[in-house]
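The sequence shown begins at 176 in the numbering used here and counts up one residue at a time.
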Amino acid sequence: DMSDNIDRRSFLSSGAILASSVLLTGASPSALAEDNQAAAIYAYRSGGLPSLRPIGLTKLTTRYEGYVEAPKSYAKSGIPVSFEFPSDWLQLDKLGGGIQYVDQRNGDKLYILKATLPAETNLKTVAKSWFAEVILSPEGDVARSGVVAEGGRISRSQMTTDCTAEDAPRPCIGRRRMILKYDTVTGSGVQTVERRGLIDAYQIDNDVYMMVTSSNAIKFEQKGSRERETVENICQSFKVGPAALS
176 DMSDNIDRRS FLSSGAILAS SVLLTGASPS ALAEDNQAAA IYAYRSGGLP SLRPIGLTKL
236 TTRYEGYVEA PKSYAKSGIP VSFEFPSDWL QLDKLGGGIQ YVDQRNGDKL YILKATLPAE
296 TNLKTVAKSW FAEVILSPEG DVARSGVVAE GGRISRSQMT TDCTAEDAPR PCIGRRRMIL
356 KYDTVTGSGV QTVERRGLID AYQIDNDVYM MVTSSNAIKF EQKGSRERET VENICQSFKV
416 GPAALS
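Here you go:
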């Protein structure tokens, strides 16, 4: 679907502009990034350090519980989030306030991102191409973290919790699951590597909060893939709102 494709973009110029703006104005990256509503930025941590608790007998999985910044229209300053991930994944950008972890063995990653929905849309009605555009936008935090992407498109999309359905839970927070296909460009700018992202998204007011994972496409598509099982478990465990509190 050509409408789902986004052109190859460079993150270098936007990163330089961000850095110079921070130096000149003293503004935080969060405040500057929020000015661009067409890009997904980190859902920055709020309300102190999160709880990181190994779970199960083997302690091979860790449960993350904490708060992230709420939409400006929200009644409270923070929204609870939780998810479970492999205990040996490394946290990146600890000082920056974003939530990002990496598997150092294969480069798989997870990000917690947020983006503001276009006017007159909601999580169910917004075009699936919008997710590829905001996540891979050169003004977004995935690009600022060093990812140069091209060819982003959503290959599969499903509402896993539809609040307009008659049997929807009350209160209800809409939830949508998608698969993102894209290529990353190597440092030389010549070769590309196929990647697959899983997106698990919730709507809070007019903002969407997303767990986004990134994996090598070949390993993700393999039958019985451990890499795919890992990222599917991460996304399935992702909770936003009151359900995130244990």
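Even glycine gets a Cβ: it sits at the ideal position worked out from N, Cα and C.
- DSSP places K284 in the uninterrupted beta strand (DSSP E) bounded by 284 to 291.
- A218 and N408 have their C-alpha atoms spaced approximately 20 angstroms apart.
- When DSSP states are grouped into helix, strand and coil, F395 belongs to the helix group.
- G272 and R238 have their alpha carbons spaced roughly 18 angstroms apart.
- Counting only runs of 3 or more residues that sit fully inside the segment 223 to 262, the beta strand (DSSP E) segments are 236 to 244, 253 to 261, in chain order.
- With a contact defined as Cβ atoms closer than 8 angstroms, Y242 and I230 miss out at about 20 angstroms.
- A343 is positioned such that its CB atom lies no closer than 7 angstroms to that of I329.
- Pairing E240 with S221 gives a Cβ-Cβ distance that is not under 7 angstroms.
- In the structure shown, S390 adopts extended strand secondary structure according to DSSP, grouped into three states.
- By the criterion of a C-beta distance shorter than 8 angstroms, L420 is surrounded in its chain by E240, P255, S257, once the five residues flanking it on both sides are discounted.
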